[in-house]
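Per the UniProt record's numbering, the very first residue in the sequence shown carries number 1; after that it's consecutive.
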Amino acid sequence: MNSIVAIVGRPNVGKSTLFNRLVQRREAIVDSVSGVTRDRHYGKSDWNGKEFSVIDTGGYAIGSDDIFEEEIRKQVNLAIEEADLIVFVVDVEEGITPMDAEVAKILRKVKKPIFVTVNKVDNAMRDADAVEFYNLGLGDYHTISSINGSGTGDLLDALAEKMPAPEENDLEKEELPRFAVVGRPNAGKSSFINALIGEDRNIVTNIAGTTRDSIDTKYNRFGFDFNLIDTAGIRKKSKVKEDLEFYSVMRAVRSIEYADVIILVVDATRGFEGQDQNIFWLAEKNRKGVVILINKWDLVEKETNTMRDFEAMVRKQIEPFTDVPIVFTSVLTKQRIFKAIETAVEVFENRKNKIATSKFNDAMLDIVKSYPPPAIKGKYVKIKYCMQLPTQTPQFAFFCNLPQYVRDPYKRFVENKLREIYNFSGVPITIYFRQK
Ligand code: GDP
Ligand code: GDP
Numbered sequence: 001m002n003s004i005v006a007i008v009g010r011p012n013v014g015k016s017t018l019f020n021r022l023v024q025r026r027e028a029i030v031d032s033v034s035g036v037t038r039d040r041h042y043g044k045s046d047w048n049g050k051e052f053s054v055i056d057t058g059g060y061a062i063g064s065d066d067i068f069e070e071e072i073r074k075q076v077n078l079a080i081e082e083a084d085l086i087v088f089v090v091d092v093e094e095g096i097t098p099m100d101a102e103v104a105k106i107l108r109k110v111k112k113p114i115f116v117t118v119n120k121v122d123n124a125m126r127d128a129d130a131v132e133f134y135n136l137g138l139g140d141y142h143t144i145s146s147i148n149g150s151g152t153g154d155l156l157d158a159l160a161e162k163m164p165a166p167e168e169n170d171l172e173k174e175e176l177p178r179f180a181v182v183g184r185p186n187a188g189k190s191s192f193i194n195a196l197i198g199e200d201r202n203i204v205t206n207i208a209g210t211t212r213d214s215i216d217t218k219y220n221r222f223g224f225d226f227n228l229i230d231t232a233g234i235r236k237k238s239k240v241k242e243d244l245e246f247y248s249v250m251r252a253v254r255s256i257e258y259a260d261v262i263i264l265v266v267d268a269t270r271g272f273e274g275q276d277q278n279i280f281w282l283a284e285k286n287r288k289g290v291v292i293l294i295n296k297w298d299l300v301e302k303e304t305n306t307m308r309d310f311e312a313m314v315r316k317q318i319e320p321f322t323d324v325p326i327v328f329t330s331v332l333t334k335q336r337i338f339k340a341i342e343t344a345v346e347v348f349e350n351r352k353n354k355i356a357t358s359k360f361n362d363a364m365l366d367i368v369k370s371y372p373p374p375a376i377k378g379k380y381v382k383i384k385y386c387m388q389l390p391t392q393t394p395q396f397a398f399f400c401n402l403p404q405y406v407r408d409p410y411k412r413f414v415e416n417k418l419r420e421i422y423n424f425s426g427v428p429i430t431i432y433f434r435q436k
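Below is the structure:
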């Protein structure tokens, strides 16, 4: 399972600059299809063969000064709870500030690997100044310059060394769908889970997570076997007030990492908001299946087109990945609970679709030949061959003479055609154009 790295520290030490440096390379690949980078505080990266998530905790801070310190303390505590590795960034220009000392005090009690990272060491002269950070009482430190990149390779080496080796065929070992029920506070997650497993808790077994707490529990309901990933909703309520974007995202990250399909519960009375979008993109970025539940539908006053309009509004918000099932539920009246779980199982199946290469070429080559990418500077792109890659989640390669001339709109066109022919509803897919 991928590790989660949290970047903590007071404002202005360079957390987001470091974050960008850590995820940039990877982001460029992940977002080449949609052409957008949305969440600047959560990203995926890899180093020495280890994939991991990076969270910039400071990115979520809300401004005003008087609550700052308290806010940072809360964020650090949550990072400790949710992340596997903690990068504590300090600033060599400023030296140790009282707030740094405060954060260090919290971190000294923590058992997880902590990487004191002295930033803004742009030149060798500043290296000497970094020595004072031994006084934080957290042992050795790394010196980096997030701006010019020096030292970040060594930091990544050190981080990767503490990450578990990637398990081979992680997902294939586990046959049962793993669902994570996520969403904003109060959307109805716990109620949904209770309605699902409630009275006659059909728990079959408790599967202990590898190195973490037990978070996987197997259920049999409505004729389906599935694992439910423990989330904030069913975990004991945290002491932290979960009203910030940061907290719901942070809490969602781990369960999303573990799941195959994300059941995103949305409160219909509040619409589809920023936090819902963030969680949606977390799922998309992680190439997880998604089902959107528009819950509390019983509370919405309905006219003829209410459902259609609501659905259109949601699809607009999740562009360009709009091929996602949306189910209108009322957990209170148990309306479409079964449908929700059935849909999640379908998405799980869609995500495993494997299309034979010959069939895929038969279906797609005619289309791309009839509608080739527009010529650029008199150069014509000729697509010769295509295939689904042997990856765990659906990814496709189109081989051509000039892949660098294929632009995002064309990739989207191909993706849309592919989705018309094959059922990848709820499943993010990636399309690559490669040199023949
Ligand atoms: P955050 O508030 O901790 O996320 O900090 P930012 O990443 O926004 O950086 C705060 C300021 O420090 C910005 O003006 C950055 O350009 C600057 N900064 C970040 N990293 C470095 C660095 O390695 N060297 C120098 N000289 N400045 C840096
Ligand atoms: P969570 O924070 O996402 O786990 O949300 P809860 O499951 O605790 O639900 C928050 C509140 O919304 C509770 O008072 C629920 O009874 C209520 N609620 C949940 N689902 C529905 C629904 O479909 N309809 C109505 N009317 N209320 C709901």
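Built from N, CA and C at the ideal position, the CB exists for glycine as well.
Small disclaimer: the values here were computed from a predicted structure and weren't measured.
By the C-beta criterion, the segment 307-317 is judged to be in contact with the segment 258-274, since at least 3 inter-stretch pairs fall below 8 Å. Listed as beta-bridge partners of N77 by DSSP are no residues whatsoever. Residue range 383-388 is occupied by the beta strand (DSSP E) that includes Q388. Contact check between the segment 41-56 and the segment 153-163: three or more CB pairs, one atom from each, fall below 8 Å, which counts as touching. Around the C-beta of A283, 16 or more other C-beta atoms lie within 10 Å, and the residue is accordingly described as buried.
In the three-state reduction of the DSSP assignment, L293 falls in the strand class. A distance below 7 Å between beta-carbons, with the five flanking residues on each side excluded, links K162 to the following residues of its chain, in chain order: L85, P113. Setting aside the 5 residues that flank it on each side, D127 is surrounded in the same chain by V121, T143, each with a C-beta closer than 8 Å to its C-beta; the list follows chain order. Cα atoms of I279 and V290: separation of roughly 10 Å, rounded to the nearest angstrom. Here F226 is bridged, per DSSP, to Y219.
When DSSP states are grouped into helix, strand and coil, K112 belongs to the coil group.
Distance between I383 and I431, taken at the CA atoms: about 13 Å. The distance from the Cβ of P409 to that of F321 is about 15 Å, inconsistent with a contact at the 8 Å cut-off. In this structure, V266 lies near I294, with their beta-carbon atoms less than 8 Å apart. Judged by the Cβ position, T333 fails to qualify as a neighbour of ligand 1 at the 7 Å threshold, every heavy atom of the ligand being at least this far. Under the three-state reduction of DSSP output, I337 falls in the helix class. A straight line joining the alpha-carbon of G223 with that of S3 spans about 33 Å.
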